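When we follow my numbering, the leftmost residue of the sequence shown carries the number 2, and every step to the right adds one.
Everything on this sheet refers to the single structure shown next.
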Amino acid sequence: MHVLLATSELNPYSKTGGLADMVSALARALAGTGLRVSVVTPLYRGMVDSNSSIEPTSWRWAIPMGDSLVEGRFHCYKPSPNLTLWFVKQAGFFDRPGLYGEAGRDYADNSARFIFLSRAALILARHLPDPPKVLHCHDWQTGLIPILASHARLQTGWALPPRTVFTIHNLAFQGSFPASSWGLSGLPADWLHIESALHFNRVNFLKAGLTQSQAITTVSPTYAQEILTAEYGCGLEGLLLKRYNDLGGILNGVDYEEWNSASDPALPAAFSAQDLSGKAVCKSALQREMGLPENPSIPLFANISRLTEQKGSALIIQTIGSLIAAGESLQFVQLGSGEPTLENAFRDLAQRFPDQVAARIGFDPGLSHRIEAGADFYLMPSRFEPCGLGQMIALRYGSVPIVRATGGLNDTVREGYDGNGFRFHPYDVRHFIDAMGRALEVYRDRESWALLRARGMREDNSWEHAAEQYGGVYDWAVRLARR
Ligand code: ADP
Numbered sequence: 002m003h004v005l006l007a008t009s010e011l012n013p014y015s016k017t018g019g020l021a022d023m024v025s026a027l028a029r030a031l032a033g034t035g036l037r038v039s040v041v042t043p044l045y046r047g048m049v050d051s052n053s054s055i056e057p058t059s060w061r062w063a064i065p066m067g068d069s070l071v072e073g074r075f076h077c078y079k080p081s082p083n084l085t086l087w088f089v090k091q092a093g094f095f096d097r098p099g100l101y102g103e104a105g106r107d108y109a110d111n112s113a114r115f116i117f118l119s120r121a122a123l124i125l126a127r128h129l130p131d132p133p134k135v136l137h138c139h140d141w142q143t144g145l146i147p148i149l150a151s152h153a154r155l156q157t158g159w160a161l162p163p164r165t166v167f168t169i170h171n172l173a174f175q176g177s178f179p180a181s182s183w184g185l186s187g188l189p190a191d192w193l194h195i196e197s198a199l200h201f202n203r204v205n206f207l208k209a210g211l212t213q214s215q216a217i218t219t220v221s222p223t224y225a226q227e228i229l230t231a232e233y234g235c236g237l238e239g240l241l242l243k244r245y246n247d248l249g250g251i252l253n254g255v256d257y258e259e260w261n262s263a264s265d266p267a268l269p270a271a272f273s274a275q276d277l278s279g280k281a282v283c284k285s286a287l288q289r290e291m292g293l294p295e296n297p298s299i300p301l302f303a304n305i306s307r308l309t310e311q312k313g314s315a316l317i318i319q320t321i322g323s324l325i326a327a328g329e330s331l332q333f334v335q336l337g338s339g340e341p342t343l344e345n346a347f348r349d350l351a352q353r354f355p356d357q358v359a360a361r362i363g364f365d366p367g368l369s370h371r372i373e374a375g376a377d378f379y380l381m382p383s384r385f386e387p388c389g390l391g392q393m394i395a396l397r398y399g400s401v402p403i404v405r406a407t408g409g410l411n412d413t414v415r416e417g418y419d420g421n422g423f424r425f426h427p428y429d430v431r432h433f434i435d436a437m438g439r440a441l442e443v444y445r446d447r448e449s450w451a452l453l454r455a456r457g458m459r460e461d462n463s464w465e466h467a468a469e470q471y472g473g474v475y476d477w478a479v480r481l482a483r484r
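Next comes the structure, spelled out in structure tokens:
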């Protein structure tokens, strides 16, 4: 079977978060199971310069959008015999400093940009010599693909367009635009209604994906259940309930080639579950790099994330602040960027407690590896978390996760006799502090600490298992398709 994955970001070419990691790792894992896999994604600024293997093809086309005809061209790279990456070149849309916006503001023409990507995906699917049987769409940016595929079948005589699978990485981002943007899709005006993409008089790209795809997945079993409730459903829970039988949760894996503490070039020393001496070197090096006093025995907490309400950044600031103010001996390291008030709050915390808190505001993949390796504890008190990668990487790197039991955090972190970390549920400082207290107690008991850390490092959240499950969903979409 040939599968085409459509995504707005792809590691290592373009990345703002876990979506990029997920699609790139899934594509390789699927190809490893013997499927033929293609990926279609935008050619953003600088990608050709920094990746000489991405080559232009002679495949050019044009799409009528509103009053204009927008030209596009595919670039291509084939990293392995059954994996091909297709990059959509459209300089006006994608040759920009940001993926989705600049200086904290979304680009005003994001609807046009991602309609273009979606329509390019259909062109590719239709004209490849070996047409894909399944088109696997990721997040709102590719949400119109399923309806574009239905339209192609019913109105343009394409007898067998691919079946579509839609994966929700984050229900909070829906791609909601004025109804007038529908015109850019080339779809008939009467195809926009509340059973398709219309949501409160706007075009909602995510809703289009959820109503029109053959199967829906999300990135953890717990999140698949949570999004059926008003608390997590972001207004789409009713629609998701209707599609209950077509919805499943498949936990993302970790790319253990990139995240291998025994061979990670970003680390000052290698280590493994069998020999943790290198981890102590990583801890001192991290303390030095972040300007904190070097102290092997002080517990070092860390967090790496987008700074947003979702990730519980405010809870971290309050909790670390109160523990230090209460005289607790600990260090904390933050890497992240996001909402300016949260960025400033982390800077303030570091200024107030310079010997205990260090904050690096920005996006720094190398430092993220060194933090995962150098920390003792990894904090993820997310309000919601579709899957979460940080905690799974932390487990592998011997940093014990302390998480809020939601979404993928609930599926990957256990507390108790067979635990690999610490959990709390009510989203408040008191319960977070309690969990940190339990964690510190175990930290001080060296034998229990060693056992806990070793259990986490042995955990297997690899992609092979997830790829097998996606293979099952593709088979199901092809065989049991409703439309
Ligand atoms: P999300 O996709 O919701 O942002 P995930 O936990 O699924 O969250 O994935 C985020 C990924 O991006 C992790 O690998 C994390 O380490 C990385 N990341 C987040 N912020 C930064 C940053 N400022 N610098 C480097 N890596 C980061």
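Ideal Cβ positions, reconstructed from N, Cα and C, are used throughout, including at glycine.
No experiment lies behind these values; they were computed from the predicted model shown.
DSSP on residue i, reduced to helix/strand/coil?
i	result
Lys280	helix
Leu6	strand
Asn12	coil
Phe347	helix
Gln357	coil
Pro61	The identity of residue 61 in the sequence shown is Arg, whereas the question assumes Pro. Residue state, collapsed to three classes: strand.
His370	helix
Asp412	helix
Gly363	coil
Leu199	strand
Gln175	coil
Thr212	helix
Pro43	strand
Ser119	helix
Gly384	In the sequence as presented, Gly is not what sits at residue 384; that position holds Arg. Three-state result, Arg384: coil.
Gly18	coil
Ser330	coil
Gly339	strand
Ser262	coil
Asp96	coil
Arg484	For Arg484, the predicted model reports a pLDDT of 48, less than 50, meaning its position is unreliable; a value from the coordinates is still stated below. Correct three-state label for Arg484: coil.
Tyr233	coil
Ile394	helix
Leu31	helix
Gly184	helix
Tyr418	coil
Ala274	coil
Leu125	helix
Taking the C-alpha atoms as reference points, what is the distance between residue i and residue j?
i	j	result
Pro132	Trp159	12 Å
Ile318	Pro294	20 Å
Gln392	Ile305	10 Å
Ala121	Val41	8 Å
Leu5	Val38	6 Å
Thr218	Gly292	43 Å
Arg484	Ala360	In this predicted model, Arg484 has a pLDDT of only 48, less than 50, meaning its place in the structure is not dependable enough to derive any value.
Gly313	Trp260	24 Å
Ser264	Leu343	34 Å
Leu100	Ser54	21 Å
Phe347	Asn411	26 Å
Leu380	Val404	6 Å
Thr168	Ala225	11 Å
Leu301	Ser285	10 Å
Glu469	Gly389	20 Å
His251	Tyr471	Per the sequence shown, the amino acid found at residue 251 is Ile instead of His. If I take the Cα positions, the gap works out to 8 Å.
Ile124	Asp247	27 Å
Val358	Val282	20 Å
Ser151	Ala180	20 Å
Cys138	Leu11	13 Å
DSSP has residue i in a bridge; who is on the other side?
i	result
Ser81	Leu84
Val220	According to DSSP, which records beta bridges pairwise, Val220 is partnered with nothing at all.
Val90	Note that residue 90 is Lys in the sequence shown, not Val. For Lys90, which the question treats as bridged, DSSP gives the partners Arg74.
Asp107	Gly102
Tyr379	Ala303, Pro402
Phe425	Arg405
Gly249	Thr218
Glu56	Cys77
Met66	Ser69
Arg37	His3
Val204	Phe178, Leu199
Val255	Ser463
Output yes if chain B places a C-beta closer than 9 Å to the C-beta of residue i; else output no.
i	result
Gly438	Considering every chain present, this structure includes no chain B. It has just one protein chain.
May I ask you to check if the CB of residue i is nearer than 8 Å to at least one heavy atom of the ligand GTP?
i	result
Pro366	With respect to small molecules bound, the structure shown includes the ligand ADP and not the ligand GTP.
- Item | Secondary structure, beta strand (DSSP E): runs of 3+ residues fully inside the segment 129 to 169 | Within the segment 129 to 169, the complete beta strand (DSSP E) runs of at least 3 residues are 135 to 139, 164 to 169.
- Task: Within the segment 283 to 326, note down every full alpha helix (DSSP H) run reaching 4 residues or more, in order along the chain.
- Result: Scanning the segment 283 to 326 from its first residue to its last, the whole alpha helix (DSSP H) runs of 4-plus residues come out as 314 to 326.
- Which runs of the beta strand (DSSP E) spanning at least 3 residues fall entirely within the segment 425 to 462, listed in chain order? List check, beta strand (DSSP E) in window: nothing returned.
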